[in-house]
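Read the structure below first, then the notes.
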Amino acid sequence: METPFKKFIFKSFSALLPLLLLTAEFGFSQKKPNYSVFLIGDAGEPPKNGKDMVLSPLKKQMQQAGKQSTIMILGDNVYPKGLSNIDEPNRKNDEERLADQLSILQDYQGKPFIIPGNHDWQQGGKKGWEYIQNQEKFVSDFLKREDVFFPKGGCPTPHEVALNDQITAVILDTQWWLHPWKKPEADSDCEVKSLEEMLISVNDILDRNRHKKVLVVGHHPMYSHGSHGGYYTVQDHLFPFHELGVPIPLPVLGSIYPLYRTLIGNIQDIPHPKYKQMRDGLVGIFKQYKNVIYANGHEHNLQLIQRDSINYITSGAGSKNTPVKMGKDSKFASSQIGFARLDFYDNQIKLIFFGGDGKDGNELYSTDILLDTNAIDPKDVQTEKIHMLGVVPNPKYKAGKFKTFMLGSNYRDIWTTPIKPKTLDFEHEEGGLKVIQRGGGYQTLSLRYQNPKGEQFVTRSVEKYPERAVPEAIRSQFTTDIVSDQISASHPFAALVASHLAEAAGVLHTNPSLVIIPESNVLGNYKRLFTNQLALFEERPDGSFAGSKKIQSTQKVVEKLAEDNHNEINEKEVIRARLLDMLIGDWDRHEDQWRWAGYENGHDKGLSFRPIPRDRDQAFFVNEGVLPRIISRKWILPKIQGFDYKIRDVAGLAFNARYFDRSFLTQSSENDWMAMAKELQQKISDAVIDSAVTHFPNFPEHSAIIAKKLKQRRDDLPGYTKELYEFLSKEVDILGSDKDEYFFVSRLEDGRTKVSVFDQKKNGEIGRTLYERTFDPKITKEIRIWGLDGEDNFKVFGQASKGIKVRLIGGKGKDIFTDSSSVSGLAKKTIIYDKKENTILNLGTESKDLTSNKKNVNDYNREAFKYDRVAPLGSFAYNVDDGIFIGAGAQWTRQGFRKDPFASQHTISGNYAFGTNSYNIFYKGEFMDVIGKTDFELKANLQQGGLVDNFFGLSNESEYKKEKGIDYYRIQYENEEITALFKTRFNKLTLYYGAAKNEWHIKENPKRFINEFAPHGDEIYQDKYFIGLKTGFILDNRDNIIFPTRGILWNFDATIQRGANDVTKNNYANLKTDLSFYYTFKLPAVVSLATRFGGGLNLDDYELYQANSLGGLTNLRGFRRTRFSGKSSFYNNTEVRIKVLNFKSYLFPAYAGVLAFNDVGRVWNPTENSEKWHQSYGGGIWIAPFNMVVITGMYGISEENHLFSVKAGLFF
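Heads up: the sequence shown begins at 28 in this note's numbering, then just goes up one per residue.
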């Protein structure tokens, strides 16, 4: 029974409950969060009125949050193109824009982080990497701390930071992925060097933080409903220039740009295949974890999108705003300027968006973020027991007779034979080992360990299996037939022997041993991947390795040398190491294959650096089999010529070290090199070699062969040494530093040139000698001296009858050039480069003054060197009109100082058609920068022997009477054509203009259709000469010239000619164009769509061979060559290309696939009224061996013919 008292209590509680709940909610909302993260992006363009509306409220909230907070500045920190170089005109404005943001961090007690965006990478420009490093240094100097700007050095390495014991942040540089120009990759000292490695690293970080809350930040959104995601307003379509303040309505035309961005996208838009590849890779990993939040800038708005249990936050409205809509999975979208804030409580995460009001920030939206940190731990690894006979390095390298014949025997028997290595004892090895992190270089699986003394060690898998290294969720994105059979050409245990030879030679080295990694809890999260792995275990060159003060990467050493001329390279030891490389055939000596031990040299805290070669995977690499031997030719891949008794091509073997050698081997004389060769001959005796090869496990036959090869190569070492010395001495770069130096160039009477570099004391006196070398003109053709930074003094003096060309490039700072030298001959041998301002010139008659105010006049590029090249050319084709068509030729490419892509290139080829007994000889010469930045091209084409075309009349509906046979319609002619063109290049656009000359002769034959066409036209058989002008342009932004999958190619040509002999009475003008589009829906490019629109128009009179024609070899497959001819023409070709096979191998990379096509076109003539369009369709196959050429076979079907053809290259 309900009493009055109970009723009173119930009613009272019911009345108070809402108030209690409201009070609780209010109280909770007033509770200070355990941790806060502020998110702001694209703040690099402050308002023109100087009144900031966002940074002020942000700073206020940051100060209130205090130590238990973080701010993430999400990129695009300096508009429009990042932080320029110190000597560039925009530098001051750039610094001010960045300083505005950094000022709010100066008194901030929390953890600040800054990441770069696409605008910081010079908006995707060539100097992007340089500008990123400028920004990193400026941030560090401004804030006087090194722990703010990440990732470091423009690397793609994800940066992991523990905000507290429950929250981990992962910082990504997403623009690195999209950047098209120079950036740190395989040869860099970054921990991560590729797209795949970046994803693997992200996956590793998320895996080991699966019980925490993880915030991943990058500049680019994964999903968006702003402009980068394809959203444009009606105003954008009708008034495409409204953002520029030009309100001109352009209906229909105004939609072209928005539709392009929505459907195709530039590389900064989500629809772009490269962008989608990045997005799909990262999202594929995120979806495996339920504890991830992703935040970004890029879009100038505020968004929250929740998809697949992942929260995607866009906060890029730090200084600008653009339209955004509520779209799929949107929870919030606003085009107001502002920022976002994440508050972390014990059991709650709250996201709040604030609008910029210049005060406290007005709250726009808030919501709870749900994360699942109760991740399921991975199951214990199920491992197979190691067989009692041992472990097999890789049984997949077994091969039959045909495979062995084609690809070589290599070291297959070693890779497929069981061995019994020792088991790595984590508890006792080196005093006890614990895993600290996974190593870089993901084509081998590596782990880093540390012992109680703090010393680090590493295991690297003997086998290369990148398919295991890539997370399964994204494996299909990046790996197709990755495992290369040609790994069998590498000796799996080369490092074991190389270390003993290095010890004898006196080269610093690690001491690898062969181990099996056992199943152990020490492996932690890596147990699944590393258990039972056959690996090399060795110390890691770090800390005080080899008694050094510090171990540095190659990139760091380069920076140290530039910073201070008290630092130096121990060249004698570099020569020692490089001669050992040559002896053991180690061709893969790129920059990241080295570490450097620094030792005090007594020069004001300066260091002398000694090289430590690492990673001997390619020592004793062999080249066997038909295909590898072809590929190792000098004009393809000479670096893989293989370890044999003789070195066939010393320069080719040194290819991967081409930048390394030219940076660190510039001072030593030929005597220094030869002395080292003789020293190594003595140190690496027969006994040393015989002892070293015993460290190969269980393979005495191979050991004996390798020993014999080593002894022969050692005996021949002086000859190889001289060859390498002369190759490196042909052009030499001599570098100063950021300090002040004197550079003295003395021209000696015998033609030699002596270069001396001295330190410049503060009082201007000459200090100690930094560099000295005398060059022989028989060997050295050019010396380039770079002052770099500082106030440098260059002096050239002496008289000589002959001399070496010397280029002096001043660099930043006030420089002085004095030249009193004299060299016989007309050519000036001293060339001066510097900025005109702050440069003092005291020049004589021998100097050529090339000082200018161009911002890149002093730019130094360590990676500028390119090999001269001579390559044979071959061609093969088949079509129904010519029959089999074969050709041969050669191409000579010569490099030069600041000539891109080369200084000159000469191509000559000859082709012969068996079906018509005709031939042609072709020559093209290209010469770069002949007049300023204008190039020159000379082409000559001689077609002789009765070159055959078809002529059916000037008509769109000309008859083809097959009963008369095709010979009836053929005309034979001879043609000589010469063009001389000047070319000016503007990034992707090339303009050309010049002169052209043509000679034509049609062979007379009374039994051909041409006589019916002109029965009394004897004039048609007379020799005709034409001379005139030619101009046009080429717009080419294709992603790949050989096999384009994305981009545009637009050719336009205009020719005006007049008769140049008595019988050539007509003047002739022609306009011709074709525009091709290439599109790929996603990467990898499996399906590509290509379409081309083209046509031509003749003005005035023209000869029949000058008609605009359509035919099977050029634009209308399935029809005979030059099937339709007229005054004007139009055509369209459309192809779908599908990649079926993908062979990824460093020896035989190739793609193959199929295609389907449809062609349509017609011609027009003034005397004809025709409405007909000609159409054909068909299919074909293609293969792209070595990624150097495409071979295409096609079958075209039309109403007249079914025709098969084979050609080099795609149809368009």
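Every residue gets a Cβ at the ideal spot worked out from N, C-alpha and C, and that includes glycine.
message: Contact between the stretch 431 to 445 and the stretch 648 to 657 is defined here as three or more beta-carbon pairs at a separation below 8 Å; is this criterion met?
response: Between the stretch 431 to 445 and the stretch 648 to 657, the count of C-beta pairs closer than 8 Å reaches three or more; the two stretches touch.
field: 6 Å CB neighbourhood of Leu398 in its chain, flanking five on each side removed
entry: The beta carbon of Leu398 is closer than 6 Å to those of Lys240 and Asn318 in its chain, skipping five residues each way along the sequence.
- prompt: Helix, strand or coil: how does DSSP classify Gly256 here?
  reply: Residue state for Gly256 is assigned as helix, using DSSP reduced to three classes.
- prompt: When DSSP labels each residue in this structure, what does Ser756 get in the three-state scheme?
  reply: Three-state result, Ser756: helix.
field: Complete beta strand (DSSP E) runs within the stretch 138 to 221 (minimum length 3 residues, chain order)
entry: Segments of the beta strand (DSSP E) lying fully in the stretch 138 to 221: 138 to 141, 186 to 189 and 194 to 198.
- request: State buried or exposed for Tyr287, treating a residue as buried only when at least 16 other CB atoms are found within 10 Å of its CB.
  value: Its Cβ having fewer than 16 others within 10 Å, Tyr287 is exposed.
query: The beta strand (DSSP E) spanning Pro1212 covers which residue range?
result: Taken as a continuous stretch (DSSP letters only), the beta strand (DSSP E) holding Pro1212 covers His1201 to Pro1212.
task: Using DSSP bridges, identify the partner residues of Lys966.
output: Note: Lys966 sits in a beta bridge opposite Lys951 and Thr1006.
task: Taking only the alpha-carbon atoms, compute the straight-line gap between Ile1224 and Arg1147 and give it to the nearest angstrom.
output: Spanning the two alpha carbons is a distance of roughly 11 Å.
query: In or out: Met353 buried (at least 16 other Cβ within 10 Å) or exposed?
result: Around the CB of Met353, fewer than 16 other CB atoms lie within 10 Å, so the residue is classed as exposed.
Whole beta strand (DSSP E) elements within the stretch 816 to 883, 3-residue minimum: Within the stretch 816 to 883, the complete beta strand (DSSP E) segments of 3 residues or longer fall at 820 to 824, 832 to 836, 842 to 846, 857 to 860, 866 to 869 and 874 to 876, listed in chain order.
- prompt: How big is the Cα-Cα spacing for Lys757 and Tyr860?
  reply: Each residue's Cα considered, the two are about 21 Å apart.
- request: Mind reading off the beta-carbon distance from Ser635 to Glu595? Whole number of angstroms is fine, and I expect it under 8 Å.
  value: Contact between Ser635 and Glu595 holds, since their C-beta atoms are separated by about 5 Å, short of 8 Å.
query: Can you check whether the CB of Gln1133 is closer than 8 Å to the CB of Asn1142?
result: Inclusion of Asn1142 and Gln1133 in the CB contact set at 8 Å is not warranted, their separation being larger than that value.
message: For a test of the three-state rule: what should DSSP assign to Ser1197, helix, strand or coil?
response: If DSSP states are grouped into helix, strand and coil, Ser1197 belongs with coil.
message: Looking only at its chain, what residues have a beta carbon closer than 8 Å to the beta carbon of Leu49, apart from the 5 residues adjacent to it on each side?
response: The predicted position of Leu49 is uncertain, since its pLDDT is 43 and thus under 50; a value taken from the coordinates is nonetheless stated next. Result list for Leu49: empty, nothing under 8 Å.
message: Using only the alpha-carbon positions, how far apart do Thr1086 and Thr1118 sit?
response: The question names Thr, yet the displayed sequence has Gly at residue 1086. So the alpha carbons of these two residues sit roughly 37 Å apart.
query: For Val1187, which residues of its own chain have a beta-carbon under 6 Å away from its beta-carbon, when the five flanking residues on both sides are left out?
result: Cβ within range, chain order: Asn1159, Trp1200 and Gln1202.
message: Below 8 Å on the Cβ atoms is my contact criterion, and I expect His527 with His722 to pass it. Report the Cβ-Cβ distance as a whole number of Å.
response: His527 to His722, Cβ: 6 Å. Contact.
Segments assigned alpha helix (DSSP H), at least 4 residues, entirely inside the stretch 711 to 795: Correct list: 713 to 719, 727 to 742 and 744 to 756.
message: To the nearest angstrom, how far is the alpha carbon of Thr920 from that of Asn1097?
response: As the crow flies, the alpha-carbon of Thr920 is around 33 Å from that of Asn1097.
Enclosing alpha helix (DSSP H) for Ser83 [first to last residue]: Residues Leu82 to Ala92.
message: In whole angstroms, give me the CA-to-CA distance for Pro84 and Asn323.
response: Between Pro84 and Asn323, the C-alpha separation is close to 20 Å.
query: Taking the alpha-carbon positions, what's the Lys423 to Thr443 distance?
result: Rounded to the nearest angstrom, the two C-alpha atoms are 8 Å apart.
message: With distance defined between alpha-carbon atoms, name the residue in Ser847, Ile831, Gly1220 and Asp803 nearest to Ile811.
response: Note on identity: in this sequence residue 811 is Arg, with Ile being the wrong assignment. Of the listed residues, the one whose Cα sits closest to Arg811 is Ile831.
- request: Report the residue from Gly1059, Gly292, Phe520 and Asp994 whose alpha carbon sits nearest the alpha carbon of Lys1034.
  value: Considering only alpha carbons, the answer is Asp994.
task: May I ask you to list the residues that DSSP assigns as paired with Trp1191?
output: Looking at the DSSP output, Trp1191 sits in a beta bridge with Ser1155.
- prompt: Thinking just about the alpha-carbon of each residue, which of Asn790, Val715 and Val850 is nearest to the one in Val772?
  reply: Ranking Asn790, Val715 and Val850 by Cα distance to Val772 puts Val850 first.
message: Using 8 Å as the cut-off, can you tell me whether the stretch 253 to 267 makes contact with the stretch 161 to 174, which would need three or more C-beta pairs spanning the two stretches below that distance?
response: Not touching, per the Cβ criterion.
query: DSSP state of Glu799, grouped into three classes?
result: DSSP places Glu799 in strand when its eight states are reduced to three.
query: Do Asp976 and Thr1082 have their C-beta atoms closer together than 8 Å?
result: Against a cut-off of 8 Å, the Cβ pair of Thr1082 and Asp976 comes out as no contact.
query: What is the DSSP secondary structure of Phe670, counted as helix, strand or coil?
result: In the structure shown, the three-state DSSP call for Phe670 is coil.
- request: Classify Glu986 as buried or exposed, calling it buried when 16 or more other Cβ atoms lie within 10 Å of its own Cβ.
  value: For Glu986, the number of other beta carbons within 10 angstroms of its own is below 16, and it is reported as exposed.
field: Pro110 versus Leu101: straight-line alpha-carbon distance, rounded
entry: The residue asked about is misnamed: residue 110 is Leu in this sequence, not Pro. One Cα belongs to Leu110, the other to Leu101, and the distance between them is close to 16 Å.
message: Out of Gln90, Gly914, Thr1011 and Lys58, which one is the CA nearest neighbour of Ile958?
response: Nearest C-alpha to Ile958: Thr1011.
message: Quick check on DSSP: helix, strand or coil for Tyr476?
response: DSSP places Tyr476 in strand when its eight states are reduced to three.
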